[in-house]
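Throughout the sequence shown, residue numbering follows the working numbering, covering 333 to 613 in sequence.
Glycine included, C-beta positions come from ideal geometry on N, C-alpha and C.
It should be emphasised that the depicted structure is a prediction, and the values quoted were computed from it without experimental measurement.
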Amino acid sequence: MINERGNLKDKRRIVIKIGSSSLTHRETGELNLYKIEKLIRIICDLKGEGKDVILVSSGAIAAGRQALGGERPKSISEKQAYAAVGQARLMMVYQKLFSEYNQIAAQILMTKDTMIRDISRYNAQNTFDELLRLGTIPIVNENDTVSTHEIQFGDNDRLSAIVAALVGVDLLLLLSDIDGLYSDDPRRNPDAKFISYVETITPELMEMGKDSSGSSVGTGGMSTKLMAARIATDSGSDMIIANADRIEIIHDIIQGKDIGTLFMAHENYDFDLMEYIHTSY
333 MINERGNLKD KRRIVIKIGS SSLTHRETGE LNLYKIEKLI RIICDLKGEG KDVILVSSGA
393 IAAGRQALGG ERPKSISEKQ AYAAVGQARL MMVYQKLFSE YNQIAAQILM TKDTMIRDIS
453 RYNAQNTFDE LLRLGTIPIV NENDTVSTHE IQFGDNDRLS AIVAALVGVD LLLLLSDIDG
513 LYSDDPRRNP DAKFISYVET ITPELMEMGK DSSGSSVGTG GMSTKLMAAR IATDSGSDMI
573 IANADRIEII HDIIQGKDIG TLFMAHENYD FDLMEYIHTS Y
């Protein structure tokens, strides 16, 4: 495992997914601007090393909730309204902070329909490729404003893995509110064992996935992260689940430190992204 961790510094194209609970203050649900600024600084530094970085960012609904007040929206129409307000606010924050480091952020909003339809999937892939060629930092989120149950991804864990497969990245970082994969939910079972390395995702491993999101703003539990790991590793990307409580761990992970759970990419000649999308939702 030492060699596998050491190889992470050579990854040239990276997707970083960060959840709503990692971008907001736990007590209030307000955007944590200090943490967002540190995240942006790290991404810009990775860009300075010559790496391509795509950020899959939750937080639109949370930002809308911050602006409009009230409890977490429950119905799709409420979520769409909050997202319409919050997405603009969130991108305004990203654009402003990235510009301070002389970097250009670009917004890409997707629904499951984007991937299912051949033409829109092809266009999305070309857009990603061109944005990266131009040196921008694509910021991806689900298009909650127009999505319905039939066309929504539902969580950004799997969305980030689908983006990783579509663009052909080397490494997917899932940053959340949990240290990595455990044999059971560590919040409920103090005897749960931490798993730092996964070479192959087995059916038994998938059974460990339980809905374990402990946040009032997050949506993805461990089951969605394991599904993301299947998509990412089968498409040729290593994946790491790590805790975003200390955002500087991104640098530590890239430098090969033993942090989080590393899922190893493997060759799967039968990999079909469309089949994964149809069977995992």
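Straight-line Cα distance separating residue j from residue i
i      : j      : result
Ser544 : Gly588 : With a pLDDT of only 49 at Ser544, under the threshold of 50, the placement of this residue in the model should not be trusted, and no figure is reported.
Glu403 : Gly351 : 18 Å
Arg465 : Lys341 : 21 Å
Gln427 : Ile346 : 20 Å
Ser535 : Leu422 : According to the sequence shown, residue 535 is Pro rather than Ser. Taking the straight line joining both Cα atoms gives about 38 Å.
Gly338 : Phe595 : 14 Å
Thr551 : Asp604 : Confidence at Thr551 is low in this model, with a pLDDT of 42, below 50, so the placement of that residue should be treated as unreliable; the coordinate-derived value is given next. Rounded to the nearest angstrom, the two C-alpha atoms are 26 Å apart.
Thr459 : Pro405 : 32 Å
Ala576 : Asp511 : 8 Å
Glu381 : Leu506 : 21 Å
His583 : Asp377 : 9 Å
Glu410 : Arg562 : 32 Å
Per DSSP, the bridge partner or partners of residue i
i      : result
Tyr514 : Phe526
Arg345 : Asp384
Met571 : Leu504, Phe595
Asn318 : Any question about residue 318 goes unanswered here, given that the chain covers just 333 to 613.
Leu464 : BP columns for Leu464 are empty, so no partner.
Leu363 : Thr356
Ser389 : Ile350
For residue i, the nearest candidate out of the options (CA to CA)
i      : options                        : result
Ile494 : Phe430, Leu387, Gly382         : Leu387
Glu336 : Ile471, Leu605, Ile591, Gln419 : Ile591
Leu558 : Ala524, Tyr608, Gln412, Arg449 : Tyr608
His598 : Ile586, Ser569, Ala574, Arg578 : Ser569
Asp489 : Lys343, Gly338, Ile348, Asn339 : Ile348
Ala415 : Ser353, Ile586, Thr565, Gln398 : Gln398
Leu491 : Asp511, Pro518, Met442         : Met442
Arg358 : Ala437, Lys379, Ala394, Asp384 : Ala394
Glu531 : Asp566, Ala576, Ala524         : Asp566
Lys379 : Asp577, Asp450, Thr468, Ala392 : Thr468
Ala362 : Gly401, Lys525, Met554, Met538 : One point to set straight first is that residue 362 is Glu, not Ala, in the sequence displayed. Closest by alpha carbon: Gly401.
Ile374 : Asn600, Asp602, Ile586, Met606 : Ile586
Start and end residues, alpha helix (DSSP H) containing residue i
i      : result
Ser353 : 352-355
Gln419 : 408-432
Met559 : 554-566
Ser492 : 488-499
Leu537 : 535-539
Ile585 : 581-586
Short CB-CB distance (under 8 Å) between residue i and chain B
i      : result
Ile469 : The structure shown contains no chain B, having only a single protein chain.
Start-to-end residues for the beta strand (DSSP E) that takes in residue i
i      : result
Ser508 : 503-508
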